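Engineer: In order, the protein sequences belong to chains Z and P.
Under my numbering, the first residue of the first sequence is numbered 590, with each subsequent residue one higher.
Under my numbering, the first residue of the second sequence is numbered 590, with each subsequent residue one higher.
Protein chains: 2
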Amino acid sequence: MSTPTLPDPATPSFSPLYQQIKALILQSLQAGEWKPGEPIPSEMDLAARFRVSQGTVRKAIDELAAENLVLRRQGKGTFVATHAEQQVQYRFLKLVPDSGDTAAEGPAERTIVDCKRLRASADVARALALRTGDAVLQVRRVLAYAGVPTILEDLWLPGAPFKGLTAERLRASRGPMYAMFEAEFGVRMVRAEEKIRAVLPDAEQALLLDVAANTPLLSVERVAHTYNDTPMELRRGLYRTDTHHYRNDLG
Amino acid sequence: MSTPTLPDPATPSFSPLYQQIKALILQSLQAGEWKPGEPIPSEMDLAARFRVSQGTVRKAIDELAAENLVLRRQGKGTFVATHAEQQVQYRFLKLVPDSGDTAAEGPAERTIVDCKRLRASADVARALALRTGDAVLQVRRVLAYAGVPTILEDLWLPGAPFKGLTAERLRASRGPMYAMFEAEFGVRMVRAEEKIRAVLPDAEQALLLDVAANTPLLSVERVAHTYNDTPMELRRGLYRTDTHHYRNDLG
DNA sequence: TAGTGGTCTAGACCACATA
DNA sequence: ATGTGGTCTAGACCACTAC
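Structure (structure tokens):
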């Protein structure tokens with residue numbers, strides 16, 4: 590009944606109480622106090638823990654839910670969001686078949702072309718907030734739909750958090766790669782930004798995607814971030830857009 | 590002091606009260622009871638009008654604000670969103686210069702190439718929820734940055750709501766086209782969806798964008814909707830991505 | 001000073017899921 | 001029956017804006 594985990598509400602600090610609560614919950618998420626897919630404590634429990642009203646906790650969780658960090662399920666609880674969810678699988682992949690029938694087409698067939706350790710070039714280092722020459726992993730893979738190679742991806746990961754990642758482990762994993770990152774390396778991708786251009790493939794890329802050298806392709810450069818906006822992946826994708834398109838909703 | 594504009598809260602219907610309030614406010618927005626840029630009544634006024642608590646009105650407005658239909662300004666009021674706002678200008682345009690310095694580059698130079706009335710083809714009619722052969726307007730324009738033609742747009746508008754739109758009026762208007770649609774035709778674009786592909790230009794397109802015929806370009810097909818998800822514009826853009834890129838944030 | 005939206009609380013009741 | 005999140009209310013106080 591004495592010092593709460595929290596700055597005294599009587600000294601309102603500078604940010605609203607619910608923002609402070611949100612930050613505290615975020616810290617627990619980041620620290621791994623609750624694992625992806627698991628429920629976090631109920632609103633009442635959190636309210637007691639932080640010595641605020643349930644309504645204040647609710648507003649904090651509302652914002653976390655809006656940012657897709659947690660998932661509310663009525664009657665059951667609030668759960669730590671995960672890329673392994675069936676409903677939100679491939680959250681970051683916006684390429685959809687022209688038919689619009691995502692389900693009929695089934696999951697992509699995935700081929701790991703390559704996975705090697707190397708030293709970060711200047712631009713890779715900049716994107717991952719590393720220093721040039723730091724250890725990184727580079728993965729190249731191809732995704733095919735109905736036997737048609739459609740996506741060629743090169744991705745770079747910081748060496749330290751992904752120590753032990755090999756082509757074999759990539760081939761062995763079933764679901765989305767980001768789900769594997771969560772389960773095996775404790776790295777949760779929370780937000781990403783993409784820069785999209787139209788390009789022509791080089792000879793090797795054309796071969797891997799089975800297209801002519803003059804076929805225009807989407808170049809999608811993605812930087813994915815974990816908590817605190819820490820960049821944890823640089824991904825350069827080449828998308829064929831003869832049977833698929835990149836879909837974007839503008840609110 | 591008798592019949593409220595609202596179903597009796599004692600008969601809760603099937604959707605939450607705040608959703609019903611939201612729908613009623615939406616109707617007033619759609620009917621033009623308050624014009625773009627103007628304030629809507631205060632939360633207290635709306636609560637009295639609908640005979641619910643201020644908190645319920647607040648939650649309804651919260652959702653409208655999250656959907657960018659209204660804009661809250663502390664201490665001043667809640668305002669009908671508009672495309673003419675300085676801060677949210679070009680809400681739907683995701684092409685940004687590679688330098689990232691949007692401001693330094695200044696607004697685009699706009700050239701109206703063409704504006705004509707014609708009959709809707711099958712695909713245009715489908716996108717605009719019209720019948721093939723219905724009257725539509727077609728506009729073609731080029732946007733240039735620092736003298737470099739960068740965007741070539743063809744857009745189709747339903748004939749009826751845009752009666753009286755001419756190339757002259759387009760050339761005369763200053764701000765974003767969507768702001769002009771609001772002010773001159775009472776049509777507010779609220780939501781849009783885009784399908785993006787990589788393509789090669791035809792001869793005419795290459796000429797207008799001043800690029801070689803084998804230059805890959807982004808094809809951005811946008812359908813913009815007004816209230817009630819009514820499609821009101823089909824726009825096909827060709828973007829040069831040598832100095833700009835399409836930027837997308839994935840939450 | 002008055003009015004607006006923003007925060008915080010406390011309590012009642014509802015809808016859903018589980019045991 | 002119990003516990004969860006979801007809705008609704010009422011009232012107090014804060015922060016910002018305008019006059």
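We put the CB at the ideal spot given by N, CA and C, even for glycine.
What you are looking at is a predicted structure, and each value in this text was computed from that prediction instead of being measured.
If we count Cβ pairs, one from each stretch, closer than 8 Å, do we get three or more for the stretch 746 to 755 of chain Z versus the stretch 764 to 781 of chain Z?
Structural biologist: Inter-segment contact for the stretch 746 to 755 of chain Z and the stretch 764 to 781 of chain Z is present: three or more beta-carbon pairs are separated by less than 8 Å.
Engineer: Are alanine 716 of chain Z and leucine 823 of chain Z close, meaning C-beta to C-beta below 7 Å?
Structural biologist: yes
Engineer: For glycine 840 of chain P and chain Z, any beta-carbon pair shorter than 7 Å?
Structural biologist: yes
Engineer: Using Cβ-Cβ distances below 7 Å, what residues of the stretch 797 to 822 of chain P are close to chain Z?
Structural biologist: Those residues of the stretch 797 to 822 of chain P placed with their C-beta closer than 7 Å to a C-beta in chain Z are Asn803, Pro805, Leu806, Leu807, ordered along the chain.
Engineer: Here's the rule: buried if 16 or more other CB atoms are within 10 angstroms of the residue's CB, otherwise exposed. What is phenylalanine 639 of chain P?
Structural biologist: buried
Engineer: Could you tell me how far apart the beta carbons of alanine 649 of chain P and serine 642 of chain P are, in whole angstroms, since I believe they sit closer than 8 Å?
Structural biologist: The Cβ separation is near 11 Å, so there is no contact.
Engineer: Considering only the alpha carbon of each residue, which of P:Leu658, P:Ile610, P:Thr645, P:Gly644 lies closest to proline 628 of chain P?
Structural biologist: P:Leu658
Engineer: Straight-line CA distance for valine 646 of chain P to threonine 667 of chain P?
Structural biologist: 12 Å
Engineer: Going by C-alpha to C-alpha distance, which of P:Gly644, P:Arg708, P:Leu684, P:Pro625 sits closest to valine 669 of chain P?
Structural biologist: P:Pro625
Engineer: Excluding five sequence neighbours on each side, which residues of the same chain lie with their C-beta closer than 8 Å to the C-beta of leucine 789 of chain P?
Structural biologist: When the five nearest sequence neighbours on each side are left out, the beta carbons in the same chain lying within less than 8 Å of the beta carbon of leucine 789 of chain P are those of Ala802, Asn803, Thr804, Pro805, Leu806, in order along the chain.
Engineer: Could you tell me whether any Cβ in chain P is nearer than 7 Å to the Cβ of threonine 830 of chain Z?
Structural biologist: At least one CB of chain P lies nearer than 7 Å to the CB of threonine 830 of chain Z.
Engineer: Does the pairing of the stretch 814 to 830 of chain P with the stretch 758 to 768 of chain Z give three or more beta-carbon distances under 8 Å?
Structural biologist: Contact between the stretch 814 to 830 of chain P and the stretch 758 to 768 of chain Z is absent: fewer than 3 CB-CB pairs across the two stretches fall below 8 Å.
Engineer: Going straight from the alpha carbon of proline 738 of chain P to that of glutamine 794 of chain P, what length do you get?
Structural biologist: 11 Å
Engineer: Nearest to valine 725 of chain Z by alpha carbon, out of Z:Glu698, Z:Val685, Z:Leu744, Z:Asp634?
Structural biologist: Z:Leu744
Engineer: Could you spell out the range, first to last residue, of the beta strand (DSSP E) harbouring aspartate 703 of chain Z?
Structural biologist: 698 to 708
Engineer: Looking at C-alpha atoms only, which residue of Z:Asp831, Z:Asn837, Z:Tyr767, Z:Leu827 is the closest neighbour of histidine 814 of chain Z?
Structural biologist: Z:Tyr767
Engineer: List, from N- to C-terminal side, the alpha helix (DSSP H) runs of 4 residues or more that fit wholly inside the stretch 655 to 695 of chain Z.
Structural biologist: 691 to 694
Engineer: Roughly how many angstroms separate the alpha carbons of threonine 691 of chain P and tyrosine 734 of chain P, rounded to a whole number?
Structural biologist: Answer to the nearest angstrom: the Cα atoms are 11 Å apart.
Engineer: Based on Cα-Cα distance, which residue from Z:Arg720, Z:Pro765, Z:Ala673 lies nearest to alanine 697 of chain Z?
Structural biologist: Z:Pro765
Engineer: Alpha carbon to alpha carbon, how far is leucine 613 of chain P from glutamine 619 of chain P?
Structural biologist: Whole-angstrom Cα-Cα distance: 10 Å.
Engineer: To the nearest whole angstrom, what separates the beta carbons of isoleucine 740 of chain P and tyrosine 828 of chain P, a pair I think is in contact under 8 Å?
Structural biologist: 6 Å
Engineer: Determine which residues share a DSSP beta bridge with glutamine 727 of chain Z and list them.
Structural biologist: Z:Lys705, Z:Trp745
Engineer: Return the CA-CA distance between glutamine 609 of chain Z and serine 617 of chain Z, expressed in angstroms with no decimal places.
Structural biologist: Cα to Cα, the separation comes out at about 13 Å.
Engineer: Taking Cβ-Cβ distances shorter than 8 Å, what residues in chain Z pair up with leucine 789 of chain P?
Structural biologist: Asn803, Pro805
Engineer: Between which residues of its own chain and threonine 594 of chain Z is the CB-CB distance below 8 Å, once the five residues before and five after are set aside?
Structural biologist: Low local confidence applies: a pLDDT of 36 at threonine 594 of chain Z is under 50, so the model's placement there is unreliable, with the coordinate-based value given in what follows. Counting only Cβ-Cβ distances below 8 Å, and skipping sequence neighbours, we find Leu613, Arg638, Phe639, Arg640.
Engineer: Quick check on lysine 683 of chain P: buried or exposed, where buried means 16 or more other Cβ atoms within 10 Å of its Cβ?
Structural biologist: buried
Engineer: Starting from the N-terminal side, write out each stretch of the alpha helix (DSSP H) that is 4 residues or longer and does not extend beyond the stretch 736 to 812 of chain P.
Structural biologist: 756 to 761, 766 to 774, 792 to 798
Engineer: Does the beta carbon of lysine 784 of chain P sit closer than 7 Å to a beta carbon anywhere in chain Z?
Structural biologist: At least one CB atom of chain Z sits nearer than 7 Å to the CB of lysine 784 of chain P.
Engineer: Going by C-alpha distance, which of P:Ala709, P:Ala756, P:Gly621 is nearest valine 728 of chain P?
Structural biologist: P:Ala756
Engineer: Using a beta-carbon distance cut-off of less than 7 Å, what residues from the stretch 634 to 662 of chain P approach chain Z?
Structural biologist: Residues Glu656, Asn657.
Engineer: Would you kindly work out how many angstroms separate the C-alpha atoms of glutamate 783 of chain Z and glutamate 810 of chain Z, rounded to a whole number?
Structural biologist: 5 Å
Engineer: Using a Cβ-Cβ cutoff of less than 8 Å, which residues in the same chain neighbour alanine 709 of chain P once the five nearest sequence positions on both sides are dropped?
Structural biologist: Leu717, Leu719, Arg720, Thr721, Gly722, Asp723, Ala724, Val725, Trp745
Engineer: Give a yes or no on whether the minimum CB-CB distance between arginine 824 of chain Z and chain P is below 7 Å.
Structural biologist: Closer than 7 Å: no.
Engineer: Would you decide whether valine 702 of chain P is buried or exposed? Buried here means 16 or more other CB atoms lie within 10 Å of its CB.
Structural biologist: exposed
Engineer: Please list, in chain order, all residues of the same chain as glycine 621 of chain P whose beta carbon is under 7 Å from its beta carbon, the five residues on each side excluded.
Structural biologist: Gly775
Engineer: List, in chain order, every chain P residue whose beta-carbon is nearer than 9 Å to that of alanine 792 of chain Z.
Structural biologist: Neighbours of alanine 792 of chain Z on chain P: none; closest Cβ ~16 Å, over 9 Å.
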